[in-house]
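Student: For reference, each letter of the sequence shown is one residue, going 6 to 279 in my numbering.
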Amino acid sequence: MRSILITGAYGGMGRAAARLLAKNGFRVFALDRQVDEAEKNILPIEADVTSEESIQTAFRTVKAQTDSLFALIHFAGIYQLDSLVETDSAAFEQIFRINVGGAFLVNKTFLPLLQKGSRILMVTSELAPLDPLPFTGLYAITKSTLDKYAYSLRMELQLKDIFVSVLRAGAVKTGMLDVSTDALDRFCRKTALYTCNADRFKKIVESVEAKSITPDRLAQKVTGILQKKKPAFAYAINRNPLLRMLNALPHSLQLLVIKQILREKRPKTGREKE
6 MRSILITGAY GGMGRAAARL LAKNGFRVFA LDRQVDEAEK NILPIEADVT SEESIQTAFR
66 TVKAQTDSLF ALIHFAGIYQ LDSLVETDSA AFEQIFRINV GGAFLVNKTF LPLLQKGSRI
126 LMVTSELAPL DPLPFTGLYA ITKSTLDKYA YSLRMELQLK DIFVSVLRAG AVKTGMLDVS
186 TDALDRFCRK TALYTCNADR FKKIVESVEA KSITPDRLAQ KVTGILQKKK PAFAYAINRN
246 PLLRMLNALP HSLQLLVIKQ ILREKRPKTG REKE
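Next up, the structure:
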């Protein structure tokens, strides 16, 4: 039985992928900060991807049961929505430690268990190859960084015949969407610079996230990627056509469009009303 390690295994996407892969005959080491009871072919491992000591402990747990892993699959990540000049330093550092540093630490630690033909799959975001939107910039920057890290890692690990891929997923119906909505509500309440703009942006985000897919569909995509003899570097699912159209514009036009949509309307003067 081939073994797989999944980070963020008890979030919506990670849980769906773990169960489908276990159903397809894989033994899944399900790593997360909070875990549930073991299931058939699913072995929970409580660990923090930002802690080297915690990941080393997880490595020893896995190593005690197998000498090889067929794949590392990364779902661990957090969402943050804020303006780049209002977010605090601790939040800025945390999202990089989790979204980028976590994958780095797990890959580095578990590399000795990867063999020729093994795979590393990182779930980034449809935003990763696109130009960032306002207020989602920090999240998009971490996902773009993760995407670039993955490509650099693929360039290196191809020399060991290990495949590295990314799955750029659009909106998925998980708890992350609720987190996104809550984060947007908090931002609209607290921002001192973009109050009116944020309210309009909220409507745009809600319309984008309304076109979401189920975690099961994403799990099927992950399974399909793992079954490929020679996985490509990048895969996508549920890309939003409006975001793609905006990204196709020159930067000057992108900036103009966003400014027109989000800028605060000035109240009309008495003369303008006449």
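Built from N, CA and C at the ideal position, the CB exists for glycine as well.
For the 8 Å Cβ check, are there 3 or more pairs between the stretch 105–122 and the stretch 164–171?
Tutor: Contact holds: three or more Cβ-Cβ distances are below 8 Å.
Student: Taking the alpha carbon of T147 as the point to measure from, which residue in S257, A188, F97 has its own alpha carbon closest?
Tutor: If we check each option's Cα against that of T147, F97 comes out closest.
Student: I266: buried (16+ other C-beta within 10 angstroms of its C-beta) or exposed?
Tutor: Classification for I266: exposed.
Student: How far does the beta strand (DSSP E) with K121 in it reach, from first residue to last?
Tutor: Segment 119–128, the beta strand (DSSP E) holding K121.
Student: Is F80 closer than 8 Å to A14 when the C-beta atoms are compared?
Tutor: The answer is yes: Cβ separation under 8 Å.
Student: Between I11, L231, I242, D190, which has its C-alpha nearest S130's C-alpha?
Tutor: Of I11, L231, I242, D190, the residue nearest in Cα terms is I242.
Student: Give me, in chain order, the residues of the same chain whose beta-carbon lies closer than 6 Å to that of V171; leave out the 5 immediate sequence neighbours on both sides.
Tutor: Once the five neighbours on either side are set aside, the close Cβ partners of V171 are M127, T129, D152, A155, A239.
Student: Here's a check: name, in chain order, each residue in its chain whose Cβ is nearer than 8 Å to the Cβ of N29, leaving out the five neighbours to either side.
Tutor: Correct list, in chain order: T228.
Student: Quick check on the burial criterion: 16 or more other C-beta atoms within 10 angstroms. Buried or exposed for K226?
Tutor: By the neighbour-count rule (16 or more Cβ atoms within 10 Å), K226 is buried.
Student: To the nearest angstrom, how far is the alpha carbon of G142 from that of L86?
Tutor: Distance between the alpha carbons of G142 and L86 is about 8 Å.
Student: What residue range is occupied by the uninterrupted alpha helix (DSSP H) comprising E58?
Tutor: Run containing E58: 57–68, per the alpha helix (DSSP H) assignment.
Student: Look at the alpha carbon of V33 and the alpha carbon of R268, and state the distance between them as a whole number of angstroms.
Tutor: Straight-line Cα distance between these residues: approximately 48 Å.
Student: Since I believe A22 is in contact with A253 (beta carbons under 8 Å), could you give me their beta-carbon distance rounded to a whole number of angstroms?
Tutor: Not really, about 31 Å apart at Cβ, beyond 8 Å.
Student: By a C-beta neighbour count over all protein chains shown, 10 Å radius and 16 as the cutoff for buried, is D93 buried or exposed?
Tutor: Exposed: under 16 other Cβ atoms inside 10 Å.
Student: Using the C-alpha atoms, what's the distance from T219 back to P280?
Tutor: The question about residue 280 has no answer, for the chain in this structure spans 6 to 279.
Student: At what residue ranges does the stretch 146–196 contain a whole run of the alpha helix (DSSP H), taking only runs of 4 or more?
Tutor: Complete alpha helix (DSSP H) runs here, min 4: 180–195.
Student: Of the choices M160, I9, F140, whose alpha-carbon is the least far from that of T71?
Tutor: T71 has its Cα closest to that of I9, out of M160, I9, F140.
Student: In the DSSP assignment, find the unbroken alpha helix (DSSP H) run with R20 in it and report its ends.
Tutor: Counting along the chain, the alpha helix (DSSP H) containing R20 begins and ends at 17–28.
Student: Could you check whether F31 and F64 sit closer than 8 Å to each other, using their CB atoms as the reference points?
Tutor: No, these two residues do not count as a Cβ contact at 8 Å.
Student: Should L189 and K207 be called a contact, given that it needs their Cβ atoms to be closer than 8 Å?
Tutor: For L189 and K207, yes; Cβs fall inside 8 Å.
Student: Of all the options A35, S88, A52, which has the alpha carbon lying nearest to the alpha carbon of N46?
Tutor: Here the closest residue by C-alpha is A35.
Student: Which residues bound the alpha helix (DSSP H) around A253?
Tutor: Start and end: 246–253.
Student: Taking only the alpha-carbon atoms, compute the straight-line gap between F140 and F75 and give it to the nearest angstrom.
Tutor: Rounded to whole angstroms, F140 to F75 spans 38 Å at the Cα level.
Student: When the Cα atoms are used, what is the spatial distance from V54 to T66?
Tutor: Near 15 Å, if we compare the C-alpha coordinates of T66 and V54.
Student: What is the DSSP secondary structure of T12, reduced to helix, strand or coil?
Tutor: T12: strand per DSSP, three-state reduction.
Student: Can you find the residues in the same chain that come closer than 6 Å, C-beta to C-beta, to L89, ignoring five residues on each side of it along the sequence?
Tutor: Same-chain partners within the cutoff: G142.
Student: What is the DSSP secondary structure of F34, reduced to helix, strand or coil?
Tutor: Strand at F34.
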